[in-house]
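Mapping the sequence shown onto the numbering used here, position 45 (from 1) lands on 69, and the numbers just tick up by one.
Before any comments, here is the structure.
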Amino acid sequence: MFATVFIQGLRFDLVLLGITLAVPMLSFPFVASNELFLGVWRAILRIYLPAVLLLVLFMEISTPSFIQQFDGRPNILFIEYLNHPKEVLATLWAAYKLPLAVAFSLLVPLAFLLLRTFSALAAPITATRILPALFIFPFMLVACMGMIRSTLDHRPVNPSTVALSSDPLVNDLALNSAYTVLYALYETRHESDGGFRYAALPDNEVIAIVREGMDVPAGDFISAQLPTLHVQHSPVATGTRKNLVIIIEESLGAEFVGSLGGLPLTPNLDALSREGIWLENLYATGTRSVRGLEAIVSGYSPTPARSVVKLPKSQRNFFTLATALGRQGYATSFICGGEAQFDNMRRFFANNGFERVIDEKDYDHPAFTGSWGVSDEDLFDRAHEEFDQAGAEPFFAVVFTSSNHSPFQFPDGRIEQYDAEKNTVNNAVKYADYALGRFFERARRSGYWDDTVFLVVADHNSRVYGDELIPIDRFHIPGLILGGSIQPGSISTVMSQIDLGPTLLSLIGVETEHPMIGHDLTNPVNSSRPGRAIMQFNTTQAYLEGDRVIVMQRDLPVRQFSFANHRLSDEGGLDEELGRKAVAHSIWSSMAYQDSIYRLEAKDF
Numbered sequence: 025m026f027a028t029v030f031i032q033g034l035r036f037d038l039v040l041l042g043i044t045l046a047v048p049m050l051s052f053p054f055v056a057s058n059e060l061f062l063g064v065w066r067a068i069l070r071i072y073l074p075a076v077l078l079l080v081l082f083m084e085i086s087t088p089s090f091i092q093q094f095d096g097r098p099n100i101l102f103i104e105y106l107n108h109p110k111e112v113l114a115t116l117w118a119a120y121k122l123p124l125a126v127a128f129s130l131l132v133p134l135a136f137l138l139l140r141t142f143s144a145l146a147a148p149i150t151a152t153r154i155l156p157a158l159f160i161f162p163f164m165l166v167a168c169m170g171m172i173r174s175t176l177d178h179r180p181v182n183p184s185t186v187a188l189s190s191d192p193l194v195n196d197l198a199l200n201s202a203y204t205v206l207y208a209l210y211e212t213r214h215e216s217d218g219g220f221r222y223a224a225l226p227d228n229e230v231i232a233i234v235r236e237g238m239d240v241p242a243g244d245f246i247s248a249q250l251p252t253l254h255v256q257h258s259p260v261a262t263g264t265r266k267n268l269v270i271i272i273e274e275s276l277g278a279e280f281v282g283s284l285g286g287l288p289l290t291p292n293l294d295a296l297s298r299e300g301i302w303l304e305n306l307y308a309t310g311t312r313s314v315r316g317l318e319a320i321v322s323g324y325s326p327t328p329a330r331s332v333v334k335l336p337k338s339q340r341n342f343f344t345l346a347t348a349l350g351r352q353g354y355a356t357s358f359i360c361g362g363e364a365q366f367d368n369m370r371r372f373f374a375n376n377g378f379e380r381v382i383d384e385k386d387y388d389h390p391a392f393t394g395s396w397g398v399s400d401e402d403l404f405d406r407a408h409e410e411f412d413q414a415g416a417e418p419f420f421a422v423v424f425t426s427s428n429h430s431p432f433q434f435p436d437g438r439i440e441q442y443d444a445e446k447n448t449v450n451n452a453v454k455y456a457d458y459a460l461g462r463f464f465e466r467a468r469r470s471g472y473w474d475d476t477v478f479l480v481v482a483d484h485n486s487r488v489y490g491d492e493l494i495p496i497d498r499f500h501i502p503g504l505i506l507g508g509s510i511q512p513g514s515i516s517t518v519m520s521q522i523d524l525g526p527t528l529l530s531l532i533g534v535e536t537e538h539p540m541i542g543h544d545l546t547n548p549v550n551s552s553r554p555g556r557a558i559m560q561f562n563t564t565q566a567y568l569e570g571d572r573v574i575v576m577q578r579d580l581p582v583r584q585f586s587f588a589n590h591r592l593s594d595e596g597g598l599d600e601e602l603g604r605k606a607v608a609h610s611i612w613s614s615m616a617y618q619d620s621i622y623r624l625e626a627k628d629f
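Have a look at this one:
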């Protein structure tokens with residue numbers, strides 16, 4: 025395996041070299057035969073080539089820290105985070121001082137050395153006649169394109185070429201980080217269409233399979249243009265509609281939760297789990313907050329593209345629970361402790377049903393402010409104040425925490441630390457749990473407790489990594505539904521974040537129209553089935569049904585595994601029906617975005 029990685033690594037280094045040389049090579053015939061142009065070209069090369077080499081070296085120096093966080097080489101996330109310099113710089117300074125110091129100490133003197141070296145190499149270059157330049161140019165072009173394509177096959181090499189292991193990180197090792205970022209940028213050309221398709225399936229068949237999987241009576245579908253739009257009937261509708269509060273805990277994986285077999289870091293959540301409906305086998309749809317937000321708030325299943333929170337077609341008339349509940353007379357709000365413009369959250373929520381967005385600038389005297397905003401205590405204090413002052417109309421609120429986020433900053437004197445070093449993920453989880461418990465102590469004594477259904481759920485795990493094609497265990501997250509009207513119990517079936525919306529609508533007693541494809545787990549039929557979950561891991565998607573898993577990778581055949589004892593096992597065959605179901609669901613999300621059919625019908629005023 026080492027030899028394969030090394031040889032393929034050299035191959036992709038040549039690909040990057042070809043890309044780098046393409047820019048000066050294409051201008052060669054025009055500048056090599058003109059002394060004036062050659063002088064400008066020579067000056068540019070003195071800067072361009074050292075700059076490219078320094079960038080490549082910087083990317084490789086940055087790679088270990090990126091791998092530690094995301095279990096893969098730098099990808100589109102590396103670029104996206106540059107849109108938020110305040111948070112990124114604060115995080116880098118707080119958590120990565122040593123890598124920054126190493127990079128600075130190596131790259132600064134190297135930059136001076138490279139500038140001198142390339143200046144010396146460029147100085148002797150002299151002009152030639154046009155005919156020799158034109159004669160040489162085709163050979164240079166073929167050499168450059170040959171390095172970029174690196175094959176005589178129909179398609180040039182790409183990351184799938186080195187997808188030879190079941191461990192995604194091993195597959196990444198054969199690449200280089202400058203290439204992985206460039207390729208991720210190249211792939212974004214698909215994003216306006218909702219992403220690529222893992223396999224071909226006719227659209228009408230996609231819709232038929234997805235609708236069948238929803239377990240909704242045929243008579244409840246109400247639109248020919250919006251295929252999944254249907255009426256959901258609440259089994260507990262009494263005419264009194266409950267408030268709904270969704271608390272999204274940042275980066276809280278099952279391995280941090282005692283009640284799910286994890287570390288003893290969440291005593292408050294563990295205690296609360298016995299007072300509400302505990303969701304024992306809940307899986308996140310992705311590895312980033314916006315992926316969790318789209319699933320929890322919109323019931324939208326994941327795609328290979330970026331989250332719809334950030335894509336252009338979903339910035340207006342895209343379904344959210346706030347859209348549906350707003351039409352039912354609910355006051356709607358999104359409350360976070362950081363800056364709501366991060367990852368385009370403010371725009372997405374404000375344009376899709378949320379009447380108010382409260383973020384860091386709306387806190388007058390926070391007790392503690394870190395790199396990612398005010399502490400969870402400040403956040404919950406503000407949320408409690410908002411709920412306590414609500415009028416007679418019902419309200420729906422999403423409360424998004426941030427204390428459990430690298431560099432894991434939180435106020436002193438609140439918890440007995442699990443780790444000796446303060447700013448660790450374990451201590452941050454314990455503090456987040458402390459703040460959550462403190463909120464529910466106050467909520468129980470409030471006037472809104474009996475009339476409110478609460479959901480506590482993680483957006484994703486803190487780190488999703490492993491030596492498998494998709495590390496399913498790392499998508500396992502806690503989920504808890506509680507409130508004055510909720511009877512204690514548990515649901516052990518496999519479920520996804522996309523199932524939360526339909527379940528909550530039933531529990532708050534609201535009958536409404538929506539396009540969500542998730543299962544209402546208040547229905548005993550759904551809660552007694554094996555269940556299913558859909559997970560996006562970079563460009564890989566998994567469809568888990570009971571203990572069977574379909575794994576879909578770009579440009580590779582669909583594969584089937586079994587999931588037992590926390591491991592994937594290759595079954596060596598493929599259940600065609602299950603495979604079609606997985607492919608249909610992956611296509612549906614992209615199609616729903618592309619065709620703008622994940623919405624409600626226009627309201628008549």
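Yeah, the Cβ is synthetic: ideal placement off N, Cα and C, and Gly gets one too.
Every value quoted in this text rests on a predicted model; they were computed, and no experiment measured them.
Roughly how far, in whole angstroms, is the beta-carbon of residue i from the beta-carbon of residue j, given that I think they are within contact range, below 8 Å?
{"i": "L268", "j": "L528", "result": "6 Å"}
{"i": "M49", "j": "L155", "result": "In fact, because the Cβ distance is near 18 Å, the residues do not count as touching under 8 Å."}
{"i": "L531", "j": "I505", "result": "7 Å"}
{"i": "I149", "j": "R66", "result": "6 Å"}
Taking the alpha-carbon positions, what's the residue i to residue j distance?
{"i": "S129", "j": "L138", "result": "15 Å"}
{"i": "P554", "j": "A319", "result": "20 Å"}
{"i": "P431", "j": "T448", "result": "8 Å"}
{"i": "F629", "j": "P251", "result": "Because the pLDDT of F629 is 38, which lies under 50, any placement of that residue in the model is unreliable, and the number read from its coordinates should be weighed accordingly. Between F629 and P251, the C-alpha separation is close to 24 Å."}
{"i": "N451", "j": "G286", "result": "14 Å"}
{"i": "T564", "j": "F463", "result": "37 Å"}
{"i": "G503", "j": "E273", "result": "10 Å"}
{"i": "F587", "j": "D523", "result": "21 Å"}
{"i": "G237", "j": "F478", "result": "27 Å"}
{"i": "G507", "j": "F420", "result": "14 Å"}
{"i": "F366", "j": "V582", "result": "35 Å"}
{"i": "A208", "j": "R330", "result": "11 Å"}
{"i": "Q618", "j": "I574", "result": "24 Å"}
{"i": "R235", "j": "I496", "result": "25 Å"}
{"i": "D371", "j": "V381", "result": "Reading off the sequence shown, one finds Arg at residue 371, where the question assumed Asp. Straight-line Cα distance between these residues: approximately 9 Å."}
{"i": "G415", "j": "Y472", "result": "10 Å"}
{"i": "Q433", "j": "V230", "result": "45 Å"}
Could you spell out where the alpha helix (DSSP H) holding residue i opens and where it closes?
{"i": "Q618", "result": "600–618"}
{"i": "R140", "result": "121–146"}
Can the beta-carbon of residue i be found less than 8 Å from the beta-carbon of residue j?
{"i": "V453", "j": "F280", "result": "yes"}
{"i": "P98", "j": "T204", "result": "yes"}
{"i": "S313", "j": "H484", "result": "yes"}
{"i": "P241", "j": "T546", "result": "no"}
{"i": "I621", "j": "Q249", "result": "yes"}
{"i": "F342", "j": "S325", "result": "no"}
{"i": "N368", "j": "V333", "result": "yes"}
{"i": "F220", "j": "R623", "result": "no"}
{"i": "Y489", "j": "D227", "result": "no"}
{"i": "Q584", "j": "G570", "result": "no"}
{"i": "T356", "j": "G350", "result": "yes"}
{"i": "E410", "j": "G397", "result": "no"}
{"i": "L345", "j": "G525", "result": "yes"}
{"i": "S201", "j": "V39", "result": "no"}
{"i": "I85", "j": "A118", "result": "no"}
{"i": "L306", "j": "M519", "result": "yes"}
{"i": "M576", "j": "A557", "result": "no"}
Mind checking who residue i pairs with in its DSSP beta bridge?
{"i": "T204", "result": "The partner list for T204 (beta bridge, DSSP) is empty, contrary to what the question assumes."}
{"i": "N267", "result": "T476"}
{"i": "E357", "result": "According to the sequence displayed, residue 357 carries Ser and not Glu. Note: S357 sits in a beta bridge opposite R380, A421."}
{"i": "A588", "result": "R591"}
{"i": "G507", "result": "V477"}
{"i": "S514", "result": "W302"}
{"i": "R583", "result": "V575"}
{"i": "M519", "result": "L306"}
Looking at the secondary structure, which residues open and close the beta strand (DSSP E) in which residue i lies?
{"i": "E569", "result": "564–569"}
{"i": "R340", "result": "No beta strand (DSSP E) contains R340, which DSSP labels as neither H nor E."}
{"i": "R469", "result": "From DSSP, R469 is part of no beta strand (DSSP E); its letter is neither H nor E."}
{"i": "E229", "result": "Not the beta strand (DSSP E): E229 falls in the alpha helix (DSSP H), residues 227–238."}
{"i": "T536", "result": "536–538"}
{"i": "F36", "result": "Per DSSP, F36 belongs to no beta strand (DSSP E); it is in the alpha helix (DSSP H), 26–50."}
{"i": "F220", "result": "Counting along the chain, F220 falls outside any beta strand (DSSP E), and DSSP gives it neither H nor E."}
Does the Cβ of residue i lie closer than 7 Å to at least one heavy atom of the ligand GTP?
{"i": "I494", "result": "Absence of the ligand GTP from the depicted structure is noted, as is the absence of any ligand whatsoever, leaving it without description."}
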